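Structure first, commentary second.
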Amino acid sequence: MSPLAFFKKAMKILYTVLNFKFSCVYLDNEILICGGEWAHRNCYSYHLTKKEYKSIGEYTDADLNGHMVLKLKSDKDMTTLLSFGGKKEGHCLQMQYKSVWKDDTDCGPLLECTCMDIRAAVSGEKKSLLFLMYRSNVIEVFDMTIWTLITSKKLPILYGDCGVGCLVEIKTNELLLNERQGFNIPFDEKDKTFACKTMNICNSLMHISNYSFVCVNDSMLLFGGYSNRCFTRTDSIFVYTPKKNGWMCYFSSLPLPLSSSGIVFNLLDKSIHIIGGLDDNWQTSNLHYVVNAQDILLKNAQQIRIIMEFWIRDCGHSTLHWVKELGAIIEDFFVVK
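Letter by letter, the sequence shown follows residues 188 to 524 in this note's numbering.
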């Protein structure tokens, strides 16, 4: 089956051309699309049920180049968002967001934060810690209850910087990737110290940056990206599974090569939304794709089962009692550790 069969376009695309390097946030029945590259300061809300876009407003003086927007907390009527990073002096704004499908929003400055292509994650036992990763390879931890810096550490990164990679939380541990290295960096809240363990990166992922990343269950999925070796964009999909401590390049692929797209995971219907980005002709895309996460995560197993069934028929056997175990062995063979 063609990869395109698993990806479907949203019913409506943006009424203005999307940029790239914008930040996306999932909120119940909305996806917030905030800012972008090249002085693109507009913000939108995409309604998952109505499949429509609505303008939220725009940033005023912020210079947005690789900024980040995070959801801090949410209740029935209001969601607290944090927007920070960017070019030159950067910015840090806190927004009390009330759905534009209901009413207006209010935002204001919170603290200083200066960095282009910053990466961030909310973690900790009570989800009260903000982890910031800078291109200088320094990671900082803030206590969001009092907005105070707890600690900082310069990571022993030998190649490149972390501005075009990702920082995510999986099972209370922070995983950090750049284009040539990976780290597992668990944080001890009591002692306020980091541990730093290196992770293997599969060869196919080497020199790939500006991919879109999202966590589904206990797996991390990477979509597309830009090859700094071949100077082209890719349509590849990679999945890292902590349980197997390995990577897999999936048979599925994006409908077209893309980098710097916005991405969110919809918890309600378990779908992944991939929005905008840059194509292989350096053109900004206004496409919005939706794919069921299980169509990606289960497709390798389905492909292996089809191959095995062909082998069984070709050998003249009607069934093999150990075929399930053989499937697991073959699937593990494709995992790069």
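Yeah, the Cβ is synthetic: ideal placement off N, Cα and C, and Gly gets one too. Keep in mind the model is a prediction, meaning the values are calculated, not measured.
Where residue i and residue j are concerned, what is the direct C-alpha to C-alpha distance, given to the nearest angstrom?
{"i": "GLY542", "j": "ASP264", "result": "Outside the modelled stretch of the chain, which goes from 188 to 524, sits residue 542, for which no answer is possible."}
{"i": "SER472", "j": "GLY464", "result": "5 Å"}
{"i": "VAL204", "j": "LEU445", "result": "Residue placement at VAL204 cannot be trusted, given a pLDDT of 48 that sits under 50; the coordinates are not used to answer."}
{"i": "VAL212", "j": "ASP378", "result": "31 Å"}
{"i": "ASN415", "j": "SER447", "result": "14 Å"}
{"i": "PHE374", "j": "GLU239", "result": "40 Å"}
{"i": "MET282", "j": "ILE357", "result": "26 Å"}
{"i": "ILE459", "j": "SER310", "result": "22 Å"}
{"i": "GLU245", "j": "LEU259", "result": "20 Å"}
{"i": "TYR284", "j": "LYS457", "result": "24 Å"}
{"i": "SER242", "j": "PHE271", "result": "20 Å"}
{"i": "LEU363", "j": "LYS237", "result": "36 Å"}
{"i": "THR557", "j": "PHE329", "result": "Not covered by the structure: residue 557. The range shown for the chain is 188 to 524."}
{"i": "SER232", "j": "GLY433", "result": "36 Å"}
{"i": "VAL478", "j": "CYS417", "result": "27 Å"}
{"i": "TYR476", "j": "ASP262", "result": "28 Å"}
{"i": "GLY223", "j": "ARG306", "result": "15 Å"}
{"i": "THR380", "j": "PRO442", "result": "43 Å"}
{"i": "ARG322", "j": "PRO343", "result": "13 Å"}
State the beta-bridge partners of residue i as determined by DSSP.
{"i": "CYS279", "result": "PHE271"}
{"i": "SER323", "result": "Answer is none; SER323 lacks a bridge partner."}
{"i": "PHE400", "result": "LEU409"}
{"i": "ASP582", "result": "Outside the modelled stretch of the chain, which goes from 188 to 524, sits residue 582, for which no answer is possible."}
{"i": "MET386", "result": "GLY369"}
{"i": "SER310", "result": "LEU316"}
{"i": "PHE381", "result": "PHE374"}
{"i": "SER210", "result": "CYS221"}
{"i": "ILE395", "result": "SER414"}
{"i": "ILE305", "result": "Partner(s): none; ILE305 has no beta bridge."}
Taking the continuous alpha helix (DSSP H) assigned at residue i, which residues delimit it?
{"i": "ILE483", "result": "480-484"}
Taking the beta strand (DSSP E) that residue i belongs to, which residues open and close that run?
{"i": "VAL287", "result": "Careful: VAL287 lies outside any beta strand (DSSP E) and carries neither H nor E."}
{"i": "LEU336", "result": "335-341"}
{"i": "ILE344", "result": "Element bounds for ILE344: n/a, residue is neither H nor E."}
{"i": "GLU541", "result": "The chain is shown only over 188 to 524; residue 541 falls outside these bounds and no answer can be derived."}
{"i": "SER474", "result": "The question names Ser, but residue 474 is Leu in the sequence shown. Segment: none, LEU474 is in no beta strand (DSSP E) and carries neither H nor E."}
{"i": "LEU465", "result": "Element bounds for LEU465: n/a, residue is neither H nor E."}
- Message: Quick check on the DSSP output: what are the complete beta strand (DSSP E) runs of length 3 or more inside the segment 405-459, in order along the chain?
- Response: Entirely contained in the segment 405-459, the beta strand (DSSP E) runs reaching 3 residues are, in chain order, 406-410, 424-428, 433-436, 449-453.
- Item | Whole alpha helix (DSSP H) elements within the segment 225-268, 4-residue minimum | Correct list: empty.
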